[in-house]
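Single-structure report; data block below.
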Amino acid sequence: MNIKENIKTLIIKKPLKLDCGQIIKNFPLAYETYGSLNKNKDNAILVFHALTGDQFVTGINPITNKDGWWTYAVGPNKSIDTNKYFVICANVIGGCMGSFGPNHENPKTKKIYGTDFPVITINDMVNAQVNLLDHFGIEKLFSIVGGSMGGMQVLQFVSNYPDKTKTVVPIACTSSHSAQNIAFNELGRQAITADQNWSDGKYTSQNIVPDKGLAVARMAAHITYLSKKGLQEKFGRKLQERDDLKFGFDADFQIESYLRYQGSVFVDRFDANSYLYITRAMDYFDLVKQFNGNLSNAFKNTKAKFFVISFTSDWLYPTQENKDIVIALNAIGADVGFVEIKSDKGHDSFLLDVPDFLKALKNFLDKSYSE
Amino acid sequence: MKSEYKIIKDIIKENTRVLDVGCDDGTLMELLKKNKNVDIRGIEISKEKVQICIAKGLTVLEGNAELDLKQFPNHSFDYVVLGQTLQAFINPEIVIKELLRVGKKAVITIPNFGHWKVRLNLLTKGTMPVTKNLPNNWYNTPNIHMCTIKDFVKFSEIMDFKIYKSLALMNKNVTNINNHNLFFKNLFAELGIFLIER
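See below:
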């Protein structure tokens, strides 16, 4: 991996006060862009990535040499049409694709931060990314779009910067992480920290990787991204390259083999400490509490047009949690549309080839742009 | 243009806030947007219809009027429109109350079950009427609470709301309904159109 060569980085000089109280400055924010910014600078869309995403939204990710994470939705003539729009996406701070994160060196100690890295929040993430607007000289974005944790950033962004976007598209997300969401994240974190190689987060300096723990974290999380029906239809009780059960603990079933594979490929591209930090940021996200129990107040200063999208089989961020956002917006007479897309693909639906979703997203953006 | 939509368009004043409950494919919404410059939202239960509305650039919420009207604050719209769906709700009493809470005024249209063809159909055949406007059988009709124009007028007294305008549609002709002609309008109108207020 030659990370530096392929990663565009903006050094943010302006001090940023994090929610934990620490102030950071001169820190890197890695980003990528697609399409081109027009003369009026009114065609920019800021896309926010989810937990394990990065700035390489579409095309070939130069680091992993695989497709970008949102290739179905973003690209020429796609829902987020890069022939028409200028798409910007940044790696979140706390991440591991070039932005300021726990695998960076602490200038004070000259050692890798590890768990000495400050705990960051969704609010910190968007406050770092808003600097990209100044960098490109963009007064107002055409849209902010994101699914899952990306959706949380969308909500936080419009709350913090109500005049900085014309439209707002939170997808398959929530305004407040539920106990179940926190529980699954905690399971992942415990798997990582229980791996001896984790070494209190100092594994990098010891040239080891807590790959077993990180793989288990990924496996557990991956189950939450799929639906029971989807799993049953894809795998059922099918056996993995064998005719019968082996009466042992190898991967007898295809689903076992699939999850092991998902775990193993994940550790090659993701940092364990980043996983801890980003899941923590998601758990701390509670826009309702931030506005003293009234979510409507988060949006009361914006005139932006909202479009909320959920999926029928998403049990991680179910329709009702997405609808709560819609209800809060309607309570203040905001301009909000909502659709629940029928799909068996679970929470991951927003990343996959789900035609009704891709069509709705495209129509909303293109119609709003021409208004 | 559907005569019903033209009548609704004429009732609604310019530059107002409108909620179209059961907005279907957004035809009426587009018409009002274009001709009356209204700030309009729709609620629609069918996913396919919601997709059509999105493709037209309309702001629509997928939802069920019986469950989803409660999210709107009191009098947050100047008009709430309910086209030919009152009879399809499990609880029209609650829906009417909600419409008049959310909207300062409501425009309600009802297919008239008192029309002579319906009456004749039941009288002569002795089976539940199936007509051009009401094409379903009793066992598969979404219209579970059919009423007549006269019923609706009575309903306004029971539910304590005021009827400001009541129009009858027959053969694309629109006429006023009043106390004197109610008997005839109830016999000959295919559709009743009412502007009501709490």
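One line per chain: the protein sequences are A and B, in this order. In terms of the working numbering, the first sequence is residues 1115 to 1485. In terms of the working numbering, the second sequence is residues 3 to 200. Built from N, CA and C at the ideal position, the CB exists for glycine as well.
query, result
"Distance, Gly1264(A) Cα to Leu63(B) Cα", "22 Å"
"Test item: CB-CB of Ser1457(A) and Val1468(A) under 8 Å", "yes"
"Within 7 Å of chain A by C-beta, residues of the region 44–55 of chain B in sequence order", "Lys49, Val52 and Gln53"
"Min CB distance Ala108(B) to chain A below 8 Å", "no"
"Contact with chain B by Ala1486(A), beta-carbon distance below 8 Å", "Any question about residue 1486(A) goes unanswered here, given that chain A covers just 1115 to 1485."
"Leu1475(A) burial status per 10 Å Cβ neighbour count (16 or more: buried)", "buried"
"8 Å Cβ cutoff, Asn1436(A) in contact with chain B", "no"
"Close beta carbons around Lys99(B), own chain, < 8 Å, minus the five adjacent residues each side", "Met161"
"Cβ pair count under 8 Å reaching 3, the region 1415–1425 of chain A against the region 1187–1204 of chain A", "no"
"Selected residue, minimal CA-CA separation from Lys187(B), among Met172(B), Phe196(B), Lys127(B) and Arg200(B)", "Met172(B)"
"Pro1142(A) - containing alpha helix (DSSP H), residue span", "Premise fails: Pro1142(A) lies in the beta strand (DSSP E), Phe1141 to Tyr1148, not in any alpha helix (DSSP H)."
"8 Å contact criterion, which Lys1316(A) and Gly1228(A) should meet: CB distance rounded", "5 Å"
"Straight-line Cα distance separating Lys1348(A) from Gln1354(A)", "13 Å"
"Among Lys51(B), Lys134(B) and Leu193(B), the one whose alpha carbon lies nearest that of Asn175(B)", "Leu193(B)"
"8 Å Cβ cutoff, Asn1477(A) in contact with chain B", "yes"
"Beta bridge counterpart(s) of Tyr81(B) as assigned by DSSP", "Val20(B) and Lys107(B)"
"Own chain partners of Lys58(B) with C-beta closer than 7 Å, once the 5 adjacent residues on each side are dropped", "Gly28 and Glu32"
"Chain B contact for Ile1441(A) (CB, 8 Å cutoff)", "yes"
"is_contact[Ala67(B), chain A] using C-beta, thresh 8 Å", "no"
"Where the alpha helix (DSSP H) through Thr1393(A) begins and ends", "Ala1386 to Tyr1398"
"Buried or exposed (CB count within 10 angstroms, at least 16 for buried), Lys1352(A)", "exposed"
"Chain-order list of residues whose beta-carbon lies under 6 Å from that of Arg103(B) (same chain, five-residue window excluded)", "Asn76"
"Assigned secondary structure, Ile195(B) (DSSP; H/G/I helix, E/B strand, else coil)", "strand"
"Exposure label - Glu159(B); buried when at least 16 CB within 10 Å", "exposed"
"Short CB-CB distance (under 8 Å) between Phe1425(A) and chain C", "No chain C appears in this structure, whose protein chains are A and B."
"Nearest residue (CA-CA) to Ala1187(A), options Lys1473(A), Lys1155(A), Gln1304(A) and Asp1248(A)", "Lys1473(A)"
"Residue of Leu1132(A), Lys1180(A), Gln1169(A) and Asp1156(A) minimising C-alpha distance to Phe1380(A)", "Lys1180(A)"
"Alpha-carbon spacing of Lys38(B) relative to Asp1238(A), whole angstroms", "44 Å"
"Opening and closing residue of the alpha helix (DSSP H) in which Cys55(B) lies", "Lys49 to Ala57"
"Paired residues, beta bridge with Met172(B) - DSSP", "Asn175(B)"
"Ala1334(A) - DSSP class collapsed to helix/strand/coil", "helix"
"Chain A contact residues for Gly59(B), given Cβ-Cβ distances below 9 Å", "Asn1477, Phe1478, Asp1480, Lys1481, Ser1482, Ser1484 and Glu1485"
"Spatial neighbours of Gly1209(A) in its chain, beta-carbon cut-off 6 Å, leaving aside the 5 residues before and after", "Gly1215 and Ser1388"
"Cβ pair count under 8 Å reaching 3, the region 7–25 of chain B against the region 109–117 of chain B", "yes"
"Chain-ordered neighbours of Val1171(A) on chain B, where CB pairs are closer than 7 Å", "In chain order: nothing, as chain B lies at least about 23 Å away."
"Three-state secondary structure assigned by DSSP to Ile166(B)", "Residue 166(B) is actually Tyr in this sequence, not Ile. It is a strand residue."
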